[in-house]
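In my numbering, the protein residues as written are 1 to 114.
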């Protein structure tokens, strides 16, 4: 009995650690999926607004997201279909390729606009 109690306690600790790690992985997956869908929603809104700069930003965001580790394999088909349906149909295949491959320069705002 004196040997069994510590072994049971050790088993409980190991099981608790396993369940905690599993829960952390599931939460991390959920957070990545939420951030992915937030970015997709923003990009699609930018593209559909019709403003040239917004359209370019939306297309670049979708393309970058498709290459990102943030995008999970289960979500890839959805994002690819949205990219094809919204971005390519909206701006055309040639413009889409041009925007997606362009060197993007990050410009900081001037306080009034960001």
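All C-beta atoms in this analysis are idealised placements derived from N, C-alpha and C, irrespective of residue type, glycine included.
Computed from a prediction, not measured in an experiment: that's the story for all the values here.
- Look at residue 71 here: in three-state DSSP terms it is coil, with no helix or strand label.
- Look at residue 50 here: in three-state DSSP terms it is coil, with no helix or strand label.
- For the pair residue 83 and residue 70, the CB atoms are not nearer than the 9 Å cut-off.
- Restricting attention to 12, 3 and 43, the CA atom closest to the CA of residue 64 is found in 43.
- The C-alpha of residue 41 lies about 12 Å from the C-alpha of residue 59.
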